[in-house]
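Engineer: With our numbering applied, the sequence shown covers 14 to 134. Have a look at this one.
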Amino acid sequence: MKFVLIFLGGGIGSVLRFYLGKIITSTSSNVFPLATISVNAFSSFILGLLAAYTASKLNSDNLWLFLAVGFCGGFSTFSAFSLEVFQFIKSGMIVMALLNILLSVVACVTALWIGYSIVSK
């Protein structure tokens, strides 16, 4: 049953990431990977909400497996982030690579903290 929960959550997260990424990419320039940063920050926000909620109120790990491991795991995309950084470096755009790393880490950690703070108050 645990594998089914992770599988379903991951599938939903992956499909949502694909469509949200297409929407963000179609409305912004393709110079900087805003879609990946946005999706990863939103996933971090959701994970922060879940971490605070499960730390205080949840006795079952089924919701955690479905949403945190499955949905957030399928929705966020560290591999895409890594590829984008690599492509910047390969193209000689070191400043863009470093900016992507900095913005991604700051945005994701901040989003997780905000999500956690909302629930833990």
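Positions of the beta carbon are idealized from the N, C-alpha and C atoms, including for glycine. Bear in mind that the values here come from a model prediction, so they are computed numbers and not experimental data.
Of all the options 49, 18, 44, which has the alpha carbon lying nearest to the alpha carbon of residue 31?
Structural biologist: By 1-based counting over the sequence shown, the position of residue 31 is 18. Cα-wise, what sits closest to residue 31 is 49.
Engineer: When the Cα atoms are used, what is the spatial distance from residue 14 to residue 109?
Structural biologist: Sequence index remark: in the sequence shown, residue 14 carries index 1 (1-based). Sequence index remark: in the sequence shown, residue 109 carries index 96 (1-based). Each residue's Cα considered, the two are about 43 Å apart.
Engineer: If you draw a straight line from the alpha carbon of residue 37 to that of residue 129, how long is it in whole angstroms?
Structural biologist: On the sequence shown, position 24 is the one that residue 37 refers to. On the sequence shown, position 116 is the one that residue 129 refers to. Using only the alpha carbons, I get a separation of about 25 Å.
Engineer: Since residue 113 is in the alpha helix (DSSP H), which residue starts that stretch and which ends it?
Structural biologist: Residue mapping note: residue 113 aligns to position 100 of the sequence shown, counting from 1. Residues 107–133.
Engineer: Beta-carbon within less than 8 Å of residue 62's beta-carbon, same chain only, minus the 5 sequence neighbours each way: which residues are those?
Structural biologist: As a working mapping, residue 62 is identified with position 49 in the sequence shown. Here the set comprises 128, 129, 131, 132.
Engineer: Alpha carbon to alpha carbon, how far is residue 46 from residue 84?
Structural biologist: The residue given as residue 46 occupies position 33 in the sequence shown. The residue given as residue 84 occupies position 71 in the sequence shown. The alpha-carbon atoms of residue 46 and residue 84 are separated by roughly 21 Å.
Engineer: Between the C-alpha atoms of residue 20 and residue 39, what's the straight-line distance to the nearest angstrom?
Structural biologist: Reading the sequence shown from its first residue, position 7 is the one you call residue 20. Reading the sequence shown from its first residue, position 26 is the one you call residue 39. Rounded to the nearest angstrom, the two C-alpha atoms are 29 Å apart.
Engineer: Whose C-beta lies closer than 8 Å to the C-beta of residue 80 among residues of the same chain, with five residues either side of it excluded?
Structural biologist: Within the sequence shown, the letter at position 67 stands for residue 80. Counting only Cβ-Cβ distances below 8 Å, and skipping sequence neighbours, we find 22, 59, 63.
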